[in-house]
Amino acid sequence: MAEIATSPTYRRAGGIRRLLERYPFLPALAIVLVLLALNGVFSPNSLSYRSLTGLLSTYMALILLAIAQTYVVYAGDIDLSAGSILSLVNVAIVVLMERWGGGAGAVLLALAIGLLIGLACGLVNGFVVAALRLQAIVATFATSIFFTGLALYILPVAGTPAPTIFWRTYGGRLLGLPFVFYILAALVVLLTVLSRTRLTTQLLAVGDDQQAAYQTGLPVVAIRIRGYLLCGLFSALAAFCITGDTASGDPLVGGKMTLFSVAAVVLGGSALSGGWGTVVGSLLGALTIGLISSVVFFMGTPSEWQNFVQGLAILIVLMAGVLAGRRARP
Amino acid sequence: MSKLKLSGVSKAYGATLALRRGDLEVLAGEVHVLMGSNGSGKSTLCKIIAGSVRPDDGRILIDDTPVTITGPRSARAQGIGIFYQELSLAAHRTVEENVCLAALPAKAGLFVDRTALKERAARYIALFDGVSGDGFSADALVGNLRPDQRQLVEIMKALASEAPLIIFDEPTSALDRAQVERFFEILRDLKRRGRGIIFISHRMDEIKAIGDRVTIIRDGETITTLNLGETDAGTVIRLMVGGAGDMPASQSSVPAVVDAKDGAALTVRNLSGAGFRNVSFEVARGEILGFGGLHGQGQSALLRAIFGAGAVASGEILIGSERFDAASPRDAIRRGCAYVSGDRGRDGVISGRPIIENVTPIHYLRDRLMIARPSKLSDRVAPALESMHTKFASLFHPINSLSGGNQQKVIIARWLIDRPDVLLLDDPTKGIDLSAKADLFALIRQLAAEGLGIVLYSSEDAELLGNANRILVFNGGSVSRELIGADRTRYNLYQAAYEAA
Chain A
1 MAEIATSPTY
11 RRAGGIRRLL
21 ERYPFLPALA
31 IVLVLLALNG
41 VFSPNSLSYR
51 SLTGLLSTYM
61 ALILLAIAQT
71 YVVYAGDIDL
81 SAGSILSLVN
91 VAIVVLMERW
101 GGGAGAVLLA
111 LAIGLLIGLA
121 CGLVNGFVVA
131 ALRLQAIVAT
141 FATSIFFTGL
151 ALYILPVAGT
161 PAPTIFWRTY
171 GGRLLGLPFV
181 FYILAALVVL
191 LTVLSRTRLT
201 TQLLAVGDDQ
211 QAAYQTGLPV
221 VAIRIRGYLL
231 CGLFSALAAF
241 CITGDTASGD
251 PLVGGKMTLF
261 SVAAVVLGGS
271 ALSGGWGTVV
281 GSLLGALTIG
291 LISSVVFFMG
301 TPSEWQNFVQ
311 GLAILIVLMA
321 GVLAGRRARP
Chain F
1 MSKLKLSGVS
11 KAYGATLALR
21 RGDLEVLAGE
31 VHVLMGSNGS
41 GKSTLCKIIA
51 GSVRPDDGRI
61 LIDDTPVTIT
71 GPRSARAQGI
81 GIFYQELSLA
91 AHRTVEENVC
101 LAALPAKAGL
111 FVDRTALKER
121 AARYIALFDG
131 VSGDGFSADA
141 LVGNLRPDQR
151 QLVEIMKALA
161 SEAPLIIFDE
171 PTSALDRAQV
181 ERFFEILRDL
191 KRRGRGIIFI
201 SHRMDEIKAI
211 GDRVTIIRDG
221 ETITTLNLGE
231 TDAGTVIRLM
241 VGGAGDMPAS
251 QSSVPAVVDA
261 KDGAALTVRN
271 LSGAGFRNVS
281 FEVARGEILG
291 FGGLHGQGQS
301 ALLRAIFGAG
311 AVASGEILIG
321 SERFDAASPR
331 DAIRRGCAYV
341 SGDRGRDGVI
351 SGRPIIENVT
361 PIHYLRDRLM
371 IARPSKLSDR
381 VAPALESMHT
391 KFASLFHPIN
401 SLSGGNQQKV
411 IIARWLIDRP
421 DVLLLDDPTK
431 GIDLSAKADL
441 FALIRQLAAE
451 GLGIVLYSSE
461 DAELLGNANR
471 ILVFNGGSVS
481 RELIGADRTR
491 YNLYQAAYEA
501 A
């Protein structure tokens with residue numbers, strides 16, 4: 001027992017810090033709760049079952065896009081084309097569904113093709129960033145323009161409607177429960193499964209120190225490409241949700257969402273430098289962004305001031321989150 | 001039968017030859033020690049074996065079969081494990097994850113098998129039970145550990161490779177005695193099981209305790225291989241140093257004592273900080289004070305701290321007779337302190353910008369220059385560059401178009417427009433060709449003659465012996481010996497540096 005007091009400088013991490021180390025998304029969770037409470041103060045009605053369901057179905061796309069972004073951020077990369085992949089998949093599936101008649105079979109087939117498009121985009125990104133070693137931030141900015149170009153070719157003007165069966169299902173109920181709840185449940189299962197894969201640990205190890213991972217003998221290039229593949233896959237899933245929510249195709253729908261997804265990842269406590277983060281945090285980060293817009297609206301902010309207040313609120317929340325999250329990082 | 005045999009392996013980085021001719025033969029069941037001074041090519045040789053550096057030439061044989069090692073993965077597949085001197089750990093992962101990272105145990109080919117991972121890691125963690133210290137556990141994050149504990153994790157990781165041949169590149173530099181002893185027990189056990197081990201250390205006592213044979217490398221060339229049982233420390237050091245080791249500093253042009261012109265340029269009293277402790281010295285105007293010793297014994301940390309780029313815990317610094325506590329490099333520059341780092345890429349070069357912009361930043365700062373006219377600046381820049389025979393096409397070519405040596409001359413020219421009082425040189429000739437070195441040192445000696453106080457840290461002993469009036473040898477963050485006058489010999493420098501740390 002005499003050894004215990006030997007080295008005070010490197011003491012074992014304290015209670016709060018250990019908690020944050022294990023659950024780095026706790027600050028994001030606290031912020032979500034605070035924002036929910038604020039929503040309730042300004043408009044008690046906004047906490048109703050109906051409103052919350054509406055909030056979830058509107059922001060499910062951003063949640064999925066933030067999760068997509070998280071996997072590349074794990075490895076210290078970034079994907080500025082995630083929103084464009086979303087747009088491309090959105091217009092592709094809407095056009096295919098319409099062309100094939102809009103039946104249940106056509107919808108499912110179009111969704112399968114949407115997933116393949118997402119994966120293909122991810123592969124392109126992974127190839128240029130990891131194999132060709134271009135800077136992720138510039139390379140994916142370039143591919144985003146490329147993907148948007150494809151989307152505009154497929155559907156030059158926004159407005160083609162999605163088949164009724166598709167958006168009715170997304171916005172409707174199944175066995176008495178809103179459909180988005182099933183999506184959320186499926187998402188939680190999927191994320192749990194993914195968090196236990198070797199790939200997640202390898203992505204984080206690469207993000208921590210790429211040179212060290214290489215010297216350890218990890219296939220760094222292949223791992224980073226797989227991260228982009230996951231990103232493309234989740235971007236396609238996000239596209240399904242945006243199609244269900246807006247019920248139409250729009251070749252530019254995802255453009256603004258890319259940087260929101262990056263913000264959500266940071267709000268969720270992940271490090272943009274890689275090696276540190278959780279997908280649950282990104283989910284909460286996306287919800288935070290949704291709740292901020294909702295609070296700004298219910299506060300009765302004049303419409304010309306809404307962007308200003310929203311931006312300010314995101315800055316404040318980022319600061320709070322970063323201050324709390326910084327304590328957790330070794 | 002030899003486990004591993006290298007013959008005629010070489011590696012050049014641009015113009016610098018890191019390894020000229022590496023020969024090495026490691027037998028099964030032996031601890032083979034590699035010895036050589038800083039930059040002699042030991043680490044390059046190890047990295048070639050481990051696959052993280054591709055050799056330009058030469059043959060590698062494993063179990064008498066020629067092999068090509070294409071990368072760290074291929075090296076592992078051929079049965080080679082390595083402990084990296086600079087460590088290869090993921091700071092945000094746990095100890096057990098790091099130990100097993102190279103081959104994560106899988107369930108269904110896709111998922112991490114946590115139970116198997118814990119079991120496997122526990123085997124290696126248990127090897128160091130009782131000496132791993134407070135706060136060390138399988139689920140601790142590596143980033144939260146002390147330096148010695150991190151080094152233990154890297155050792156466990158190397159052991160977990162279960163490779164028939166394991167390389168340990170300075171594995172004991174941060175460990176305490178109990179940890180080293182435990183580690184040696186493990187090595188002896190590996191020896192008994194017929195593994196081949198390559199071991200690099202700078203501590204003579206450790207080499208005696210664990211090594212069977214030693215291969216000595218000097219200036220990128222394998223000199224010889226000896227049985228450690230049949231030799232002594234003096235012989236080994238003499239072989240590392242080369243023939244002229246016992247002669248006094250060969251370039252006797254440097255006087256041992258400088259005429260104390262007008263007192264001290266820089267005085268440091270009892271300075272402590274991260275990486276160094278309780279250092280005191282004085283540099284007279286016109287004097288070149290050398291810092292010697294093995295790499296990373298606090299020399300760089302001390303110089304950076306004086307320049308305001310590192311933290312000082314206690315002690316005082318004076319420039320002239322004035323108290324000088326630079327809060328930042330900006331502050332230090334304003335008050336007449338200059339610092340040139342050997343790591344040009346990180347600390348010096350403004351990459352991609354024209355040469356003129358690379359020469360003038362200090363001038364801007366010291367003159368509080370707001371608006372610059374290139375034509376007028378050129379008049380001030382040109383003489384500074386010419387004083388070192390810098391070769392360049394025009395002042396407006398990007399600095400990257402120059403060779404390493406000429407880039408470093410540009411960096412030094414920065415400080416010549418407005419003369420500083422004190423010049424701190426932090427291994428300034430790293431990766432520079434010989435003629436550029438000669439130009440640099442000619443200039444440095446001239447600056448000293450003009451009354452600057454100069455501190456020169458160099459990892460190359462010849463530079464210290466050839467230019468410094470006095471040499472302080474660093475060991476473990478403090479000054480272990482001062483070499484003056486005829487004591488300034490290669491042999492003494494080595495001995496002081498290699499004394500049991």
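Just so you know, the sequences run in chain order A and F. With full-length UniProt numbering, letter number 53 in the first sequence gets 53, and the count goes up by one each step, no holes. With full-length UniProt numbering, letter number 412 in the second sequence gets 412, and the count goes up by one each step, no holes. Every residue gets a Cβ at the ideal spot worked out from N, C-alpha and C, and that includes glycine. Since the model is a prediction, treat every value here as computed from it, not as a measurement.
Of the candidates F:VAL381, F:THR65, F:ALA160, F:ALA160 places its Cα closest to the Cα of GLU97 (chain F). One thing to note: GLY281 (chain A) has its Cβ no nearer than 8 Å to the Cβ of GLY83 (chain A). Residues are counted here when their Cβ sits less than 8 Å from a Cβ of chain F; for the segment 213-228 of chain A these are ALA213, TYR214, GLN215, THR216, GLY217, LEU218, PRO219, given in chain order.
Not a single C-beta of chain A is nearer than 8 Å to the C-beta of PHE83 (chain F).
Short of 7 Å from the beta carbon of ARG182 (chain F), and not among the five residues preceding or following it, lie these beta carbons of its own chain, in chain order: PHE128, VAL131. Between the alpha carbons of THR192 (chain A) and ALA28 (chain F) lies a gap of roughly 46 Å. Rounded to the nearest whole angstrom, the C-alpha separation of ILE183 (chain A) and ILE225 (chain A) is 26 Å.
Taken through DSSP and simplified to helix, strand or coil, PHE168 (chain F) comes out as strand. At a C-beta separation below 7 Å, GLU97 (chain F) has these neighbours in chain A: THR201. Sequence-ordered contacts of the segment 147-159 of chain F with chain A are nonexistent [C-beta pairs closer than 7 Å]. In this structure, GLN85 (chain F) sits away from GLU221 (chain F), with a CB-CB distance that is not shorter than 8 Å.
CA-to-CA, the gap between ASP113 (chain F) and SER293 (chain A) works out to about 42 Å. Residue-level contact by beta carbon fails for LEU19 (chain F) and chain A, as no gap is shorter than 8 Å. At a cut-off of 8 Å between beta carbons, LEU175 (chain F) makes no contact with chain A.
In this structure, CYS241 (chain A) keeps its C-beta atom at 8 Å or more from the C-beta atom of LEU115 (chain A). Of all residues in the segment 274-301 of chain A, the ones placed with a Cβ closer than 7 Å to any Cβ belonging to chain F are GLY275, TRP276, in chain order. Between PRO72 (chain F) and chain A, the shortest Cβ-Cβ separation is below 8 Å. Here TYR364 (chain F) has ALA372 as same chain residues with Cβ atoms under 8 Å from its own Cβ, once five neighbours each way along the sequence are excluded. In summary, ASP64 (chain F) is exposed, with fewer than 16 beta-carbon neighbours lying within 10 Å of its beta-carbon over all protein chains present. One thing to note: ARG380 (chain F) has its Cβ no nearer than 8 Å to the Cβ of ILE319 (chain F). Counted as a single uninterrupted DSSP element, the alpha helix (DSSP H) harbouring GLU181 (chain F) occupies residues 177-192. For ALA205 (chain A), the neighbours in chain F by C-beta distance under 7 Å run, in chain order, ALA90, ARG93, LEU101. In this structure GLN78 (chain F) touches VAL67 (chain F) by the C-beta definition: roughly 6 Å separates them, less than 8 Å. In the three-state reduction of the DSSP assignment, MET388 (chain F) falls in the coil class, being assigned neither a helical nor a strand state. Secondary structure note for ARG304 (chain F): its alpha helix (DSSP H) is the uninterrupted segment 299-306. DSSP places VAL124 (chain A) inside the alpha helix (DSSP H), whose first and last residues are 104-126. Residue-level contact check: ARG76 (chain F) touches chain A, since one or more beta carbons of chain A fall below 8 Å from its beta carbon. Assignment of TYR214 (chain A) by DSSP, reduced to helix, strand and coil, places it in the helix class.
Here GLY227 (chain A) is buried. Its C-beta has 16 or more other C-beta atoms within 10 Å. Proximity of chain F to THR197 (chain A) at the Cβ level (cut-off 8 Å) is accounted for by LEU110, PHE111, VAL112, in chain order. Burial state of LEU132 (chain A) is exposed, judged by a 10 Å Cβ sphere holding fewer than 16 other Cβ atoms. Residue-level contact check: ALA106 (chain F) touches chain A, since one or more beta carbons of chain A fall below 8 Å from its beta carbon. Closest by C-alpha distance to HIS32 (chain F), out of F:ILE355, F:ALA382, F:ASN467, F:LYS191, is F:LYS191. In the three-state DSSP reduction, LYS118 (chain F) falls in the helix class (H, G or I). Comparing C-alpha distances from SER270 (chain A) to each of A:LEU26, A:ARG18, A:VAL220, A:ALA239 shows the shortest one belongs to A:LEU26. By the rule that beta-carbons nearer than 8 Å mark a contact, SER52 (chain F) touches chain A.
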